[in-house]
Amino acid sequence: RLPGYCPESMVEFWVCINSSLPGASKKPEGWVGLGCCELAIAVECRRACKQASSKNDLKSCRKEYEVCMINMGSLCCSYAGRHTNCREYCQAIFRTDSSPSQSQIRAVENYCASISPQLIHCVDNYTRSYPMKNPIDSLYCCDRAEDHACQSTCRRVLMTMATEHEIVDGLIEGCKKMPLPQDPLWQCFLESSGSNNTSNGLPATAVDGAKLHCCSKANTSVCRDLCIKLYSTRWGSATHWQEFDRICEYNPQEASMFMCLADVREPCQLGCQSLKYCTNFNNRPTELFRSCNAQSDQGAKNDMKLWEKGTIKMPFMNIPVQNIKTCQPEMWKAVACSLQIKPCHSKSGGSVICKSDCLDILRNCGDHSKFPDEQTAETICDLLSPSDDSEYCIPLSKYLAPSPLDSIIEEVIHPCNPNPCANNQVCEVNRKGCLAGQECLPFLCVQGCKLGEASDFLVRLGNRIQLPVTSGEMGCYKVCTCGPSGRLETCMEMPCIDVQKTCIVGGQRKNHGTSFRVDCNTCSCFAGDLSCSSRQCLSEYSSPEDRNMFTGLPCNCADQFVPVCALNGRTYPSACIARCVGLQDNQFEFGSCASKAPCTPNRCPKNERCIPKPKVCLTGIDLIDCDQYECISRPVNCELLAIEPVCDTENVEHINLCALYQRSKTLSYTGPCQDVCRYEAVCGHNGETYNNVCAAYSDRVAVDYYGSCQAVGILSDFSSHPECSSVTCPSLPSSRCKPVTPPGACCPLCAGMLRVLWSNDQLDSLAKVTPVSVHDILHTLRLHISVPQCDIFGYLSIESDLVILIIPVGQDPTTLQIEACNKEAEKIDSLINTGSPALMAHVPLSALTTSQVQVSLRGSSGSAMTILSTTALLLNLLVCLFCKSIQRF
Numbered sequence: 001r002l003p004g005y006c007p008e009s010m011v012e013f014w015v016c017i018n019s020s021l022p023g024a025s026k027k028p029e030g031w032v033g034l035g036c037c038e039l040a041i042a043v044e045c046r047r048a049c050k051q052a053s054s055k056n057d058l059k060s061c062r063k064e065y066e067v068c069m070i071n072m073g074s075l076c077c078s079y080a081g082r083h084t085n086c087r088e089y090c091q092a093i094f095r096t097d098s099s100p101s102q103s104q105i106r107a108v109e110n111y112c113a114s115i116s117p118q119l120i121h122c123v124d125n126y127t128r129s130y131p132m133k134n135p136i137d138s139l140y141c142c143d144r145a146e147d148h149a150c151q152s153t154c155r156r157v158l159m160t161m162a163t164e165h166e167i168v169d170g171l172i173e174g175c176k177k178m179p180l181p182q183d184p185l186w187q188c189f190l191e192s193s194g195s196n197n198t199s200n201g202l203p204a205t206a207v208d209g210a211k212l213h214c215c216s217k218a219n220t221s222v223c224r225d226l227c228i229k230l231y232s233t234r235w236g237s238a239t240h241w242q243e244f245d246r247i248c249e250y251n252p253q254e255a256s257m258f259m260c261l262a263d264v265r266e267p268c269q270l271g272c273q274s275l276k277y278c279t280n281f282n283n284r285p286t287e288l289f290r291s292c293n294a295q296s297d298q299g300a301k302n303d304m305k306l307w308e309k310g311t312i313k314m315p316f317m318n319i320p321v322q323n324i325k326t327c328q329p330e331m332w333k334a335v336a337c338s339l340q341i342k343p344c345h346s347k348s349g350g351s352v353i354c355k356s357d358c359l360d361i362l363r364n365c366g367d368h369s370k371f372p373d374e375q376t377a378e379t380i381c382d383l384l385s386p387s388d389d390s391e392y393c394i395p396l397s398k399y400l401a402p403s404p405l406d407s408i409i410e411e412v413i414h415p416c417n418p419n420p421c422a423n424n425q426v427c428e429v430n431r432k433g434c435l436a437g438q439e440c441l442p443f444l445c446v447q448g449c450k451l452g453e454a455s456d457f458l459v460r461l462g463n464r465i466q467l468p469v470t471s472g473e474m475g476c477y478k479v480c481t482c483g484p485s486g487r488l489e490t491c492m493e494m495p496c497i498d499v500q501k502t503c504i505v506g507g508q509r510k511n512h513g514t515s516f517r518v519d520c521n522t523c524s525c526f527a528g529d530l531s532c533s534s535r536q537c538l539s540e541y542s543s544p545e546d547r548n549m550f551t552g553l554p555c556n557c558a559d560q561f562v563p564v565c566a567l568n569g570r571t572y573p574s575a576c577i578a579r580c581v582g583l584q585d586n587q588f589e590f591g592s593c594a595s596k597a598p599c600t601p602n603r604c605p606k607n608e609r610c611i612p613k614p615k616v617c618l619t620g621i622d623l624i625d626c627d628q629y630e631c632i633s634r635p636v637n638c639e640l641l642a643i644e645p646v647c648d649t650e651n652v653e654h655i656n657l658c659a660l661y662q663r664s665k666t667l668s669y670t671g672p673c674q675d676v677c678r679y680e681a682v683c684g685h686n687g688e689t690y691n692n693v694c695a696a697y698s699d700r701v702a703v704d705y706y707g708s709c710q711a712v713g714i715l716s717d718f719s720s721h722p723e724c725s726s727v728t729c730p731s732l733p734s735s736r737c738k739p740v741t742p743p744g745a746c747c748p749l750c751a752g753m754l755r756v757l758w759s760n761d762q763l764d765s766l767a768k769v770t771p772v773s774v775h776d777i778l779h780t781l782r783l784h785i786s787v788p789q790c791d792i793f794g795y796l797s798i799e800s801d802l803v804i805l806i807i808p809v810g811q812d813p814t815t816l817q818i819e820a821c822n823k824e825a826e827k828i829d830s831l832i833n834t835g836s837p838a839l840m841a842h843v844p845l846s847a848l849t850t851s852q853v854q855v856s857l858r859g860s861s862g863s864a865m866t867i868l869s870t871t872a873l874l875l876n877l878l879v880c881l882f883c884k885s886i887q888r889f
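FYI, UniProt numbering numbers position 346 of the sequence shown as 346, with every residue one higher than the one before it.
See below:
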């Protein structure tokens, strides 16, 4: 009953209580910390907790236990104060699904010992109740067994038995094998139980492979070397951690590296709610925050209590202040909450408060008589908050009062924030709905893999991941796959990227990783590989005659729509434009790609069926491997395959593609049949005509206008014969939406639009097995769109860049929903331009080099606004059925 009477702010009291509870100093047979078991309210819960061998055994009281875990973690880690790395590795102890590894415990001891003895004592009380090795930590070894029955037995034994003797006996009996060292299963067990290294046949992964990405962004060799020591396979000493804080963290030259580390540690996410102390940060569904959670909320409260003693302790100095209870207390609270909750700018990702706010509060409330030698409010703020640029700093004024939004925040939801999934699972927005009889939640929990034993960065099952080699050599990577075991597997060394190689443009050298303009075109340099868009430029000195002849299309091609289909699967508006983007005459043929029949003649063996599978490839010099079909086996019973509904051209639904083709029908679109999809043909932004809006949607293409494609959008105000004049575009009645018009399209729409370039050499290198398509890029990027009211579409433009559209898809989207989609677009744009591992760890996104963003709305409003764009209206009819009992697209 103590938690009901004693507030959590009584830190010393709770440390004492937790360390003196019955059994807290003993090492139980189970893995669960007895401190949390004793704090359970229900007697049955306390008993189940003590007897549990894993979290799965806690069942009904699991939530109560996990709340205790969060509170205990908040309590212990709050002692870290402003020391980010100490707090980060402390939190990793409490987030793990199994017993903390020795490397994790050692990291806390190495770094936090000199910072906070209280933290070490608190963590030690918690970790003493864990066994040194949890059997479920070796589950991945079961996959090494050749016999399926042995694999199943192995998993059952590890999940139900505790001692090594029981496990060995159970495996011998179940697998019918003696433990021979050369057997892959036993070899894995012997090696994994003997050490914490990765000599068990799994790839050697860094302690935190995602953060190791960031070391390449260091601008000084000292900080780069320290970064590699801390995040590679060898843990750094306490001295290394302290040097990293002192020399690098507040060094303006290393802002890029620390922004990268922040993206890995705490990625910017839309929305903030349920805070009990920093309440002014609640109800902000279209703002980005890095750390909106209970731990940070408590951390801000603890910071304020510490600051009330007259000193703000920083890793590099102590700042004396006056009584903050009487000197601008609300401003100080906003500072404490901003430092902990970390609102971040949607374009730059910056979470630093603005310099003017820093100067204001230190000039008025700093104890200047006690300032360190030669330090002033100006010199301190130059170090802490060097900018007043609205794109790089966060003004505190908006957090001095509650959010103006209230009931309308439900217009934008954030299913994965806070994360409802287990620590070894990736949370994804559920865009497919549910089958009949299933509980329909707005999120899905998918098995994932961590990028290192001390990493919280998760990637979903089956994803291919690019990781720096553990030696820390700049530009050298390996590509691994997240396997069923929850570990990274089947790694392959990639050719090293020569980051010293430059591009020569107009007689000037451009360094690797830079983007720049050449006339009106955007270009990027990636290891000597120059990529540029192919926009037609018009000089300001052009004659009136040249302006009248200017079409704005690549190579100034005529605005005629005579489509041709290229070998890359893309329909171009004319042969002129196809040639302009570099295609030879033998690499395209007249007619749209949709009109072609890739399975005529049948290209598959007799025992396989040819199925059309259109795609637009971004890789391959000659494009000869961009097959528009696939061969699948002919099963006798299609009902044995997964249920993935598809709809044929007669509006008849089939359980899967197998059943559709077995009945000799033609695919219209994936997903269940919808009445709305009986409407007429539509033209997609890619210049392709689709039978209906659902067919376009299932191809991840947004709709430009009703009817067959008949025009190419003009990119110039000077053309006298625009083909789009024959197209009727829907009006946008709201003046608040400043629409964007995608390149090559005729009609504007409300959306966030990205125009992205990539490295051809890097994409070709990553696509050694199969070509990379536009859909591959969109599918991976879609996982980073956290708001269900927004979805992602895209196509390869006629100007040789990748156009990505993030569009509101709710019924009659409101101002708030449009603004949320804009923020999602700006977030993705920032991650691409900064080369953040949040994206760049994923293959094939690591080949993206630069992005430009354009949004359709500036400034948010609490009032609802109806947007009647045809594209949005058509799309919302498809997705507003979210929680129906159907399997969606």
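Just so you know, even glycine gets a beta-carbon here, dropped at the ideal spot from N, CA and C.
A check of alpha carbon separations from Ile-361 across Lys-347, Leu-384, Ile-341, Cys-344 identifies Leu-384 as the nearest. In this structure Lys-478 does not touch Cys-496 by the C-beta definition: roughly 11 Å separates them, more than the 8 Å allowed.
In this structure, DSSP gives Pro-730 a state outside helix and strand, which the three-state scheme calls coil. For Glu-489, there is no enclosing alpha helix (DSSP H); the residue is part of the beta strand (DSSP E) that begins and ends at 488-493. Under the three-state reduction of DSSP, Cys-142 is assigned to helix. Linking Cys-76 to Ile-115 through their CA atoms gives a straight-line distance of about 13 Å.
Nearest to Ile-643 by C-alpha distance, out of Lys-432, Cys-214, Thr-127, Val-412, is Lys-432.
Restricting attention to Pro-415, Pro-468, Thr-481, Gly-448, the CA atom closest to the CA of Ser-216 is found in Pro-468. Classified as buried, Gly-810 has 16 or more neighbouring CB atoms from the shown chains inside 10 Å of its CB. Boundaries around Cys-480 are those of the beta strand (DSSP E), 477-482, since no alpha helix (DSSP H) includes it. By the criterion of at least three beta-carbon pairs nearer than 8 Å, the region 411-429 is not in contact with the region 762-778. In the DSSP annotation of this structure, the continuous segment of the alpha helix (DSSP H) that includes Ser-356 starts and ends at 355-365. Secondary structure note for Asp-382: it is in no beta strand (DSSP E), and the uninterrupted alpha helix (DSSP H) holding it is 377-384.
The continuous beta strand (DSSP E) containing Ser-531 extends over residues 529-532. When secondary structure is reduced to three states using DSSP, Gly-350 falls in the coil class, being assigned neither helix nor strand. Going by C-alpha positions, Gln-587 is about 54 Å away from Asn-293. Contact between the region 303-312 and the region 242-251 is absent: fewer than 3 CB-CB pairs across the two stretches fall below 8 Å.
DSSP places Phe-457 outside both helix and strand once states are collapsed to three, so it counts as coil.
The alpha-carbon separation between Cys-683 and Gln-710 amounts to approximately 8 Å. Under the three-state reduction of DSSP, His-685 is assigned to coil, being neither helix nor strand. If you ignore the 5 residues before and after Cys-365, its C-beta comes within less than 6 Å of the C-beta of Val-321, Gln-322, Cys-327, Gln-328, all in its own chain and listed in chain order.
The distance from the Cβ of Leu-781 to that of Ile-828 is about 7 Å, consistent with a contact at the 8 Å cut-off.
Taking Tyr-661 as the centre and dropping the five residues before and after it, the same chain places the C-beta of Arg-609, Ile-611 closer than 7 Å to its C-beta, in chain order. For Arg-464, DSSP records a beta bridge to Thr-481.
In the DSSP assignment, Arg-517 falls within the unbroken beta strand (DSSP E) covering 515-518.
Residue range 837-840 is occupied by the alpha helix (DSSP H) that includes Ala-838. Per DSSP, reduced to three states, the secondary structure at Asp-263 is helical. Look at Ile-341 here: in three-state DSSP terms it is helix. Taking 8 Å as the cut-off, the Cβ atoms of Val-693 and Pro-742 do not count as close. Residue state for Arg-755 is assigned as strand, using DSSP reduced to three classes. Between Phe-561 and Pro-573, the gap from beta carbon to beta carbon is short of 8 Å. For Gln-295, the enclosing alpha helix (DSSP H) stretches over residues 294-307.
Here DSSP, grouped into helix, strand and coil, assigns Pro-808 to strand. Spanning the alpha carbons of Cys-480 and Arg-144 requires a straight line of approximately 18 Å. For Gly-209, the enclosing alpha helix (DSSP H) begins and ends at 209-214. Residue pairing for Asn-521: DSSP places it in a beta bridge opposite Val-518.
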